[in-house]
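Those letters in the sequence shown? Residues 12 to 334, per this note's numbering, in order.
We put the CB at the ideal spot given by N, CA and C, even for glycine.
Being a predicted model, the structure only gives us computed values, none of them experimental.
The structure appears below as structure tokens.
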Amino acid sequence: MFRRFRRLRTHKTIRDMTTQTRLHKDDFVYPLFVKEGKFDKIEVLSMPGVYQMDIETIVSEVAQLVDIGIKAVLLFGIPDHKDEIGSECMSDNSLIARTIIAIKKKFPDIYVITDLCFCEYTSHGHCGVLDETTGAVDNDKTLLNSSTQALVHVKAGADMIAPSGMMDGIVATLRHTLDTHGYTDIPIMSYSTKFASAFYGPFRDVAQSSPDKGDRKSYQMSVANRLEAIEESLEDEAQGADMLMVKPALSFLDIIRDIKNSTNLPIVAYNVSGEYAMLKLAGAKGLLDYDKVMFETLLSMKRAGASIIITYHAKEICRLLDR
Ligand code: PBG
């Protein structure tokens, strides 16, 4: 009687048959950073194994991903030209547009999700247009520009857009824009619960998107607020989001579960740059068994309730799952 679970652990077959959470290659989205220019690729010091790549190199990288069995990517752009409003990303010839076109020409089946934000494109590094008098991000002006950016992405062939700037009303605005331009089938993955986290540090190195002054606390959420976190996601669901995201993942597994229990939409966990860097560096120093902690970490996100995990480990975990 009391040995019930032990009995189910005695033989590998029954252990496998009663496994309650599994990782599968279909679970993962791999982030890609495209940078303007011709230079092949540049490794990011704070994220070993992660590179800024030029368009040509991104296309060969996608060839490798297809080979490994990764089906979806999340695209970020690092432009040469930055200005007050981030105009680079609002032109039909933007870096991201050219990249999507180049990828889709060779690999029409890879699922391309685009991060929709302005911090990589603005000279001040904030996620939108600044109000001239207050210096704070002007929510509504940023919404207008986000619509332009979204249309640039989908016209170039993006399969899904992922607004990450945390502007109020962004999902409803983008849904309306997509629908009125005939893109009714393009889903929106909302960065619906995005905390003002210190775990984004390495990303801001890669994406060259640190704010020159101030922080993102007026538009990103306090890490202490659980109910607000749930509410933010449910609000995006009401506005028409097709998927909800929790970011970062590892220090917010409780929130992933809370939101999972409050919605029927798929939940996405963003296993962010700082989480990746911790495991990488500890693994490199021999302090942890990298493969095992990577597996355990990603499994915890799935177990918490995520259907999809955006992760810099995607290539490694898929190779591990093959073995
Ligand atoms: C915003 C954006 C950020 C990340 C993804 N999209 C940075 C931020 O919010 O400051 C962080 C991802 C990571 O840390 O891996 N464009």
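Shown here for H35: same chain residues with a beta carbon closer than 8 Å to its own, the five before and five after excluded, namely L332 in chain order. For Q75, the enclosing alpha helix (DSSP H) has its first and last residue at I66 to I79.
Judged by the Cβ position, S262 fails to qualify as a neighbour of ligand 1 at the 7 Å threshold, every heavy atom of the ligand being at least this far. By the Cβ-count criterion, R227 is buried, with 16 or more other Cβ atoms from all chains shown falling within 10 Å of its own Cβ.
Membership of K258 in the beta strand (DSSP E) is indicated by the continuous run M254 to K258.
Contact between the segment 195-206 and the segment 247-262 is present, with at least three C-beta pairs closer than 8 Å. A Cβ-Cβ distance of about 4 Å is found for the pair V279 and M256, placing them in contact under the 8 Å criterion.
Its Cα nearest to that of P59, the residue A288 stands out among A252, Y194 and A288. Taking C-beta atoms as the reference points, I319 and N282 fail to come closer than 8 Å.
Excluding its 5 nearest sequence neighbours in each direction, F16 has no C-beta neighbour in its own chain below 7 Å.
Take I124, set aside five residues on each side of it, and the residues of its chain with a beta-carbon closer than 8 Å to its own are V40, A83, V84, L85, L86, A169, D170, M171, I172, A173 and M200, in chain order. With fewer than 16 other Cβ atoms inside 10 Å of its own Cβ, L56 counts as exposed. R227 has its CB nearer than 7 Å to a heavy atom of ligand 1. Residue state for V123 is assigned as strand, using DSSP reduced to three classes. The Cβ atoms of A325 and I267 lie no closer than 8 Å to each other. Nearest Cα to S284 within the set G139, A209 and H192: A209. F39 sits in a strand when the DSSP states are folded into three classes. M232 is bridged by DSSP to F206. Among the bridge pairs identified by DSSP, A83 is matched with V40 and Y122. Runs of the beta strand (DSSP E) spanning 3 or more residues and lying entirely within the segment 261-301 occur at 278-282, in chain order. By the C-beta criterion, the segment 140-150 is judged not to be in contact with the segment 101-113, since fewer than 3 inter-stretch pairs fall below 8 Å.
Taking a cut-off of 8 Å on C-beta distances, the segment 224-244 does not touch the segment 186-199, as fewer than three cross pairs fall below it. Relative to ligand 1, the nearest heavy atom lies less than 7 Å away from the CB of G285. For E243, the CB contacts under 7 Å within the same chain, skipping 5 residues up- and downstream, are S203, T204 and M232 in chain order.
For T24, the enclosing alpha helix (DSSP H) has its first and last residue at K23 to M28.
Relative to T159, the option among E72, D269 and N104 whose CA is nearest is N104. Contact between the segment 131-146 and the segment 89-96 is present: three or more C-beta pairs spanning the two stretches fall below 8 Å.
Residue state for G212 is assigned as helix, using DSSP reduced to three classes. Looking at the DSSP output, M171 shares a beta bridge with I124.
When distances are taken from the beta-carbon of Y211 to the heavy atoms of ligand 1, the shortest one is below 7 Å.
Here the distance from the Cβ of Y132 to the nearest heavy atom of ligand 1 is not below 7 Å. If you look at T322, you'll find it in the beta strand (DSSP E) that goes I319 to T322.
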